[in-house]
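**Student:** Handing you this structure, nothing more for now.
Residue numbers (my numbering): 677 to 888.
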């Protein structure tokens, strides 16, 4: 091995953002990394390449909770989904159709006004009988990712929106190093890949900061 560099994942995410364009600021080893996969979400502040451990936030909402929420929504409306595949169907619906909206009330209105345009169809296959089934994919397209911004729709114990937690994380950093973590927010993990997730997050954080 000619050379090797070992670092924590958040620092490596900052490195990767230089080439991948996933950050909101310039090339820097200071920033806020939001790492959200299937099992857990972490908000990790990094200052000059060092983790501010005391400010890390753990969020008990991630991909599997979104999948479960979508499954519950579909179960109440679609009766022809085989029970054996409803969880996998919800996961595929999440991955193929979900997106983030700036205003869920206005988005509901779009579905009411023009359902043919906004309601999609998903076709799956029963694992045993091999018979196909088709379901409508409606408001769960945007209600699933909305858990990050309105977690009270799913959980009665965890009620703090992701933008508020990001703000709390940065405010827990040393006073003289708070500006840069706001300017360089890096998204990491599959659950941050929803369309317009970054725009909604940036807008909500800006509103919190501007109101302070």
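Beta carbons are placed, not taken as given, at the ideal position from N, Cα and C, and that holds for glycine.
Assign residue 718 to buried or exposed, taking buried as 16 or more other Cβ atoms, counted over all protein chains shown, within 10 Å of its Cβ.
**Tutor:** Here residue 718 refers to the residue found at position 42 when the chain shown is read from its first residue. Residue 718 should be labelled buried.
**Student:** Taking 8 Å as the cut-off, decide whether the C-beta atoms of residue 880 and residue 839 are in contact.
**Tutor:** Within the chain shown, residue 880 is the residue found at index 204, counting from 1. Within the chain shown, residue 839 is the residue found at index 163, counting from 1. Cβ distance < 8 Å, so residue 880 and residue 839 count as in contact.
**Student:** If you draw a straight line from the alpha carbon of residue 862 to that of residue 771, how long is it in whole angstroms?
**Tutor:** The residue you call residue 862 lines up with position 186 of the chain shown. The residue you call residue 771 lines up with position 95 of the chain shown. Straight-line Cα distance between these residues: approximately 21 Å.
**Student:** Span of the alpha helix (DSSP H) holding residue 881?
**Tutor:** Indexing the chain shown from 1 puts residue 881 at position 205. For residue 881, the uninterrupted alpha helix (DSSP H) segment begins and ends at 873 to 887.
**Student:** Quick check on the DSSP output: what are the complete beta strand (DSSP E) runs of length 3 or more inside the stretch 798 to 835, in order along the chain?
**Tutor:** 808 to 813
**Student:** Considering only C-alpha positions, which residue in the set 682, 709 and 677 is nearest to residue 865?
**Tutor:** The count along the chain shown starts at 1 and reaches residue 865 at position 189. Taking only the C-alpha atoms, the option nearest residue 865 is 709.
**Student:** Return the chain-ordered list of same chain residues with a C-beta closer than 6 Å to the C-beta of residue 817, the five sequence neighbours on each side being excluded.
**Tutor:** Numbered from its first residue, the chain shown carries residue 817 at position 141. Around residue 817: 773 and 774.
**Student:** With a 10 Å radius around its C-beta and 16 neighbouring C-beta atoms as the bar for buried, classify residue 745 as buried or exposed.
**Tutor:** Within the chain shown, numbered from 1, the residue matching residue 745 stands at position 69. Per the 10 Å Cβ criterion, buried.
**Student:** Give the secondary structure of residue 703 by DSSP, where H, G and I count as helix, E and B as strand, and everything else as coil.
**Tutor:** For the purposes of this step, residue 703 is identified with residue 27 of the chain shown, where counting begins at 1. In the displayed model, residue 703 falls within coil according to three-state DSSP, outside both helix and strand.
**Student:** My output table needs one value for residue 724: the three-state DSSP class, helix, strand or coil.
**Tutor:** Translated into positions along the chain shown, residue 724 becomes position 48. The answer is coil: DSSP assigns residue 724 none of H, G, I, E or B.
**Student:** Run through the DSSP bridge pairs and tell me what residue 861 is partnered with.
**Tutor:** Here residue 861 refers to the residue found at position 185 when the chain shown is read from its first residue. As DSSP reads the structure, residue 861 sits in a beta bridge with 708.
**Student:** Just to confirm my understanding: we take residue 835, look at its own chain, exclude 5 residues before and 5 after, and list those with CB closer than 7 Å. What are they?
**Tutor:** Taking the first residue of the chain shown as 1, we reach residue 835 at position 159. 827 and 828, listed in sequence order.
**Student:** Under 6 Å Cβ to Cβ from residue 904, same chain only, skipping five residues before and after it: list those, please.
**Tutor:** Since the first and last residues shown for the chain are 677 and 888, residue 904 lies out of range.
**Student:** Could you check whether residue 728 and residue 687 sit closer than 8 Å to each other, using their CB atoms as the reference points?
**Tutor:** For the purposes of this step, residue 687 is identified with residue 11 of the chain shown, where counting begins at 1. For the purposes of this step, residue 728 is identified with residue 52 of the chain shown, where counting begins at 1. Not in contact: residue 687 and residue 728 (Cβ atoms no closer than 8 Å).
**Student:** To the nearest angstrom, how far is it from the Cα of residue 823 to the Cα of residue 741?
**Tutor:** Within the chain shown, the letter at position 147 stands for residue 823. Within the chain shown, the letter at position 65 stands for residue 741. Computed Cα separation, rounded: 8 Å.
**Student:** Quick check on residue 766: buried or exposed, where buried means 16 or more other Cβ atoms within 10 Å of its Cβ?
**Tutor:** For the purposes of this step, residue 766 is taken as the residue at position 90 of the chain shown. The residue is buried, with at least 16 neighbouring Cβ atoms inside 10 Å.
**Student:** If I follow the unbroken beta strand (DSSP E) through residue 735, where does it start and stop?
**Tutor:** For the purposes of this step, residue 735 is taken as residue 59 along the chain shown, with counting starting at 1. From DSSP, the beta strand (DSSP E) with residue 735 extends over 733 to 735.
**Student:** Just to confirm before moving on: does the CB-CB distance between residue 832 and residue 737 stay below 8 Å?
**Tutor:** By one-based count along the chain shown, residue 832 stands at place 156. By one-based count along the chain shown, residue 737 stands at place 61. With contacts defined by Cβ atoms closer than 8 Å, residue 832 and residue 737 do not form a contacting pair.
**Student:** Which of the three DSSP states is assigned to residue 757 in this structure?
**Tutor:** Position 81 of the chain shown, counting from 1, holds the residue named residue 757. Coil.
**Student:** Could you have a look at residue 719 and say whether DSSP puts it in helix, strand or coil?
**Tutor:** Stepping through the chain shown from its first residue, residue 719 is reached at position 43. It is a strand residue.
**Student:** Between the C-alpha atoms of residue 837 and residue 802, what's the straight-line distance to the nearest angstrom?
**Tutor:** Position 161 of the chain shown, counting from 1, holds the residue named residue 837. Position 126 of the chain shown, counting from 1, holds the residue named residue 802. C-alpha separation (whole angstroms): 37 Å.
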